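*Asks:*
Protein chains: 2
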Amino acid sequence: MSKRVTLAQVAKSAGVSVMTASYTYNQPGRVSEQARSRVLAAAADLGYPGPDPSARSLRRGSTQTLGVVLGEHLTYAFDDPQAVTFLAGVAEVCADQGYGMTILPISGAPDDVSRITSAAVDGFIVWTTSDEDPVLAAVQAMKRPAVIHGGPEVPGLELVTIDNRAAAREIGAVVFAGARRPAIVSQPLSRSRISTITRGADIADALFPVTRDRLAGYRDAATDAGIAWADVTVAVCARNDLAEAERMTAALLASATPPDAIAAMSDQQAAGVIRAVRAAGLTIPQDVAVTGWDDAAVAASLGLTTVAQSLREQGAACALAALGSEPGSHQKSWAIVRRDSTRR
Amino acid sequence: MSKRVTLAQVAKSAGVSVMTASYTYNQPGRVSEQARSRVLAAAADLGYPGPDPSARSLRRGSTQTLGVVLGEHLTYAFDDPQAVTFLAGVAEVCADQGYGMTILPISGAPDDVSRITSAAVDGFIVWTTSDEDPVLAAVQAMKRPAVIHGGPEVPGLELVTIDNRAAAREIGAVVFAGARRPAIVSQPLSRSRISTITRGADIADALFPVTRDRLAGYRDAATDAGIAWADVTVAVCARNDLAEAERMTAALLASATPPDAIAAMSDQQAAGVIRAVRAAGLTIPQDVAVTGWDDAAVAASLGLTTVAQSLREQGAACALAALGSEPGSHQKSWAIVRRDSTRR
DNA sequence: CTGTTAGCGCTTTCAT
DNA sequence: ATGAAAGCGCTAACAG
Chain U
108 MSKRVTLAQV
118 AKSAGVSVMT
128 ASYTYNQPGR
138 VSEQARSRVL
148 AAAADLGYPG
158 PDPSARSLRR
168 GSTQTLGVVL
178 GEHLTYAFDD
188 PQAVTFLAGV
198 AEVCADQGYG
208 MTILPISGAP
218 DDVSRITSAA
228 VDGFIVWTTS
238 DEDPVLAAVQ
248 AMKRPAVIHG
258 GPEVPGLELV
268 TIDNRAAARE
278 IGAVVFAGAR
288 RPAIVSQPLS
298 RSRISTITRG
308 ADIADALFPV
318 TRDRLAGYRD
328 AATDAGIAWA
338 DVTVAVCARN
348 DLAEAERMTA
358 ALLASATPPD
368 AIAAMSDQQA
378 AGVIRAVRAA
388 GLTIPQDVAV
398 TGWDDAAVAA
408 SLGLTTVAQS
418 LREQGAACAL
428 AALGSEPGSH
438 QKSWAIVRRD
448 STRR
Chain Y
108 MSKRVTLAQV
118 AKSAGVSVMT
128 ASYTYNQPGR
138 VSEQARSRVL
148 AAAADLGYPG
158 PDPSARSLRR
168 GSTQTLGVVL
178 GEHLTYAFDD
188 PQAVTFLAGV
198 AEVCADQGYG
208 MTILPISGAP
218 DDVSRITSAA
228 VDGFIVWTTS
238 DEDPVLAAVQ
248 AMKRPAVIHG
258 GPEVPGLELV
268 TIDNRAAARE
278 IGAVVFAGAR
288 RPAIVSQPLS
298 RSRISTITRG
308 ADIADALFPV
318 TRDRLAGYRD
328 AATDAGIAWA
338 DVTVAVCARN
348 DLAEAERMTA
358 ALLASATPPD
368 AIAAMSDQQA
378 AGVIRAVRAA
388 GLTIPQDVAV
398 TGWDDAAVAA
408 SLGLTTVAQS
418 LREQGAACAL
428 AALGSEPGSH
438 QKSWAIVRRD
448 STRR
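Residue numbers (my numbering), protein chains in the order written: chain U, 108 to 451; chain Y, 108 to 451.
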């Protein structure tokens, strides 16, 4: 196994100084045509793959790479179309700016912190997580530009998020209109991801700020509609997927007080809700009004009333912010899309 | 803006040598309790975020990161559920082994090569690409462990793929059985991604080995069934998505010789085919038999006969191979799943 | 258990 | 246009 070829070897073989070889790669205009071609020939001859990225990063003090921290099990992230769309937005900007994008595998174990610490990146983007996630402190300690998507808010770090509470209040008004027994199919409250069904949930239990804000918004809407929060059923799912939402909804519908309006926290979940409702022989929106969140492709094909937001744009905004630009506010970057899954 | 804190500063502040400070982070057992706590205290005091990853990589000669090369526009990759599933498999192994995963944004522009060259990674994983992709030579030149998924085969690099030709021949036998006018809804033939509809396509035109092998397998199947390849219509889609497959299929069905069997190269495409067939008022499988590829979630819900393969497992295998283990053969890691979209 | 030395491979700075 | 020196921040290798 041949050792790694270095720039010094190339320079020697080409009969020039190391700097001339270096310039050949970094400032070609500064090198004579002759020297340049000799260096390149020597490089080709020796099989030199170009300047070593780690050495270059050390010297330059920059890695040209952004780190994306995906909460807990990576599995969830790639199974979640919202997260994938967000990643696409980040990737787009990275590709555009010639940056790499490193996915930082967070396992939920205590060594997560060291994974942040040992990441060779110029900045961090943190995908929605919970208040007590130790990863946040680790990111903060890195003293590099960092942007959190969704939340929580961390002093010194940028935050890119919509106003989840306001959006939930508004879509809540739509879905709960005329309802007597509203329900919420919620995303997990904490990183432990426990499924539960409760009545009048304690919103403070929700450690994910995004989930918490949405619950608060739905509560606002319920109150506005004259429904006591204690009468609102909250079905918390462990994961953001269709199947679990379907099971949960089936359970809700089989209960003594089946809901007549269900607000889901994603279109994926709403798709599961719709299946369960139809499977129960009920009609949407007459028997049960349903709303989703995100306005993904599936929302249009299901005729789902939902909250439109562009995770892709938010991903791009996070990347740009991590690269130094002002993120600007995305608080109002959402809109209610009314379709046929809610009552008029 | 305070300069970066270094290990040397921490050591000095703690009143120990640099090595003691280094050991504190890397071999804590080797350091006395007293020294350790003094170092940690000094680090906390100065806000030292831990050893600099670039410097450590340079010194150790390893980055603890794998690079994943996604062909052409990143957009495609994240929109393609197969690619995302593959990434999940890679990510799983990376998370498990404490490795990061760097997505290398390939834009199709000439500077792609430099993005490979300047990637600080220990190994490469290349997602299916075409024969003449310049990225392949760049990866090869890096002299690091590298694995190609799907193809093409490159000397010295590992290859993880199923036997696409054999699988296509077998599913082709199923979908073309009893058909008189078979058609194929194909993935792109080359990175230029041009949509076309032709008869008896020249298979050598397909520069993506995966596509080429599948076409060859379908041709085998047609020939086996007594159908001349010249009579098989091939509709080439620019992208692997539902919408384009639907449009293409609509065009096929509106032609003078509408197909009575359609083999698609992904379940996504097959879903589009099914929509178009139904929209034309035809019945599956009686009027038109349809098959997909991958056995994604959508296949089961559509009752689609398809080729099952686990992109996730293949992603994991690629990652393990890039980390040094023998990849083993995946040639036979596929199976035909018969459902109701084909004739008995 | 702790420290000294030497350099990983490169590029910035400052000459020439 | 080219080069010499210096050192980015860290850790393997080897003493003590």
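C-beta atoms are modelled at their ideal positions from N, C-alpha and C, and glycine is treated no differently. This one's a predicted model, so the numbers in the text were calculated from it and none came from an experiment.
Suppose contacts are defined by Cβ-Cβ distances below 8 Å. Is U:THR449 in contact with U:VAL282 by that definition?
*Replies:* In this structure, U:THR449 sits near U:VAL282, with a CB-CB distance shorter than 8 Å.
*Asks:* Whose Cβ in chain U lies nearer than 7 Å to the Cβ of Y:CYS344?
*Replies:* Correct list: empty, because the minimum Cβ distance to chain U is about 18 Å.
*Asks:* Closer than 8 Å, Cβ to any Cβ of chain Y: which residues of the region 131-142 of chain U, in chain order?
*Replies:* If the cut-off is 8 Å between Cβ atoms, the region 131-142 of chain U has nothing near chain Y.
*Asks:* Taking Y:GLN171 as the query, report the chain U residues whose CB atoms sit under 8 Å from its CB, ordered along the chain.
*Replies:* SER225
*Asks:* Is it true that the region 233-252 of chain Y meets the region 321-328 of chain Y, where meeting means three or more beta-carbon pairs spaced less than 8 Å apart?
*Replies:* no
*Asks:* Using CA coordinates, which residue listed in Y:ASP447, Y:ALA429, Y:ARG451, Y:LEU418 is at the minimum distance from Y:TRP441?
*Replies:* Y:LEU418
*Asks:* Specify, as a first and last residue, the run of the alpha helix (DSSP H) that Y:MET249 falls within.
*Replies:* Per DSSP, Y:MET249 belongs to no alpha helix (DSSP H) and is neither H nor E.
*Asks:* In three-state DSSP terms, what is U:VAL228?
*Replies:* Residue state, collapsed to three classes: coil.
*Asks:* Would DSSP call Y:MET108 helix, strand or coil?
*Replies:* Because the pLDDT of Y:MET108 is 44, which lies under 50, any placement of that residue in the model is unreliable, and the number read from its coordinates should be weighed accordingly. Reduced to three states, the DSSP call for Y:MET108 is coil.
*Asks:* Taking Cβ positions only, does Y:GLY205 come closer than 8 Å to chain U?
*Replies:* yes
*Asks:* Given a cut-off of 8 Å on the beta-carbon distance, is the pair Y:ILE59 and Y:ALA404 in contact?
*Replies:* This structure cannot settle anything about residue 59 of chain Y, because the visible part of chain Y is limited to 108 through 451.
*Asks:* Am I right that Y:VAL397 and Y:ILE443 are in contact with their C-beta atoms under 8 Å? What's the rounded C-beta distance?
*Replies:* With 8 Å as the limit, Y:VAL397 and Y:ILE443 do not qualify as a contact, their Cβ atoms being about 14 Å apart.
*Asks:* Less than 8 Å between the C-beta atoms of Y:VAL228 and Y:THR268, yes or no?
*Replies:* no
*Asks:* I need the straight-line Cα distance from U:ALA121 to U:ARG137, nearest angstrom please.
*Replies:* 17 Å
*Asks:* Only counting runs of 4 or more residues, tell me where the alpha helix (DSSP H) segments fall wholly within the region 343-408 of chain Y, in order along the chain.
*Replies:* Within the region 343-408 of chain Y, the complete alpha helix (DSSP H) runs of at least 4 residues are 349-360, 374-386.
*Asks:* Measuring only the C-alpha atoms, how far is Y:PRO156 from U:LEU173?
*Replies:* 17 Å
*Asks:* Tell me the DSSP secondary structure of U:SER169 in three-state form.
*Replies:* coil
*Asks:* By the three-class DSSP mapping on this structure, what secondary structure does Y:GLY174 have?
*Replies:* strand
*Asks:* At what residue ranges does the region 415-449 of chain Y contain a whole run of the alpha helix (DSSP H), taking only runs of 4 or more?
*Replies:* 418-429, all fully within the region 415-449 of chain Y.
*Asks:* In this structure, how does DSSP classify U:SER144 when only helix, strand and coil are distinguished?
*Replies:* helix
*Asks:* Taking all protein chains shown into account, decide if U:GLN376 is buried (16 or more other Cβ within 10 angstroms of its Cβ) or exposed.
*Replies:* buried
*Asks:* Does the CB of Y:ALA424 have a neighbour CB from chain U at under 8 Å?
*Replies:* no
*Asks:* Leaving out five residues on either side along the sequence, give the residues of the same chain with a beta carbon under 6 Å from the beta carbon of Y:ARG445.
*Replies:* THR412
*Asks:* For the 8 Å Cβ check, are there 3 or more pairs between the region 367-374 of chain Y and the region 383-401 of chain Y?
*Replies:* yes
*Asks:* Tell me, please, whether the CB atom of Y:PRO156 is closer than 8 Å to any CB atom in chain U?
*Replies:* Taking Cβ atoms only, chain U reaches closer than 8 Å to Y:PRO156, which makes this a yes.
*Asks:* Where U:MET108 and Y:GLY168 are concerned, what is the direct C-alpha to C-alpha distance, given to the nearest angstrom?
*Replies:* With a pLDDT of only 44 at U:MET108, under 50, the local geometry of the prediction cannot be trusted, and no value is derived from it.
*Asks:* What's the gap between the Cα of U:SER225 and the Cα of Y:ALA115?
*Replies:* The straight-line gap separating the alpha-carbon atoms of U:SER225 and Y:ALA115 is approximately 18 Å.
*Asks:* Provide the residue span of the beta strand (DSSP E) that contains Y:GLY207, from first to last.
*Replies:* 207-212
*Asks:* Specify, as a first and last residue, the run of the alpha helix (DSSP H) that Y:LEU322 falls within.
*Replies:* Per DSSP, Y:LEU322 belongs to the alpha helix (DSSP H) from 316-331.
*Asks:* According to DSSP, simplified to helix, strand and coil, what is Y:SER293?
*Replies:* strand
*Asks:* Quick test of your reading: U:VAL175 and U:LEU194, contact by CB under 8 Å. State the CB separation rounded to the nearest angstrom.
*Replies:* 7 Å
*Asks:* Note down, in chain order, each residue of its chain lying with its Cβ closer than 7 Å to the Cβ of Y:ILE334, except the 5 sequence neighbours on either side.
*Replies:* PHE283, PRO289
*Asks:* Of the choices U:ILE310, U:ARG451, U:GLN421, U:SER124, whose alpha-carbon is the least far from that of U:GLN438?
*Replies:* U:GLN421
*Asks:* For U:ALA244 and chain Y, any beta-carbon pair shorter than 8 Å?
*Replies:* no
*Asks:* Just curious, the alpha helix (DSSP H) that U:VAL138 is in, first and last residue?
*Replies:* Counting along the chain, U:VAL138 falls outside any alpha helix (DSSP H), and DSSP gives it neither H nor E.
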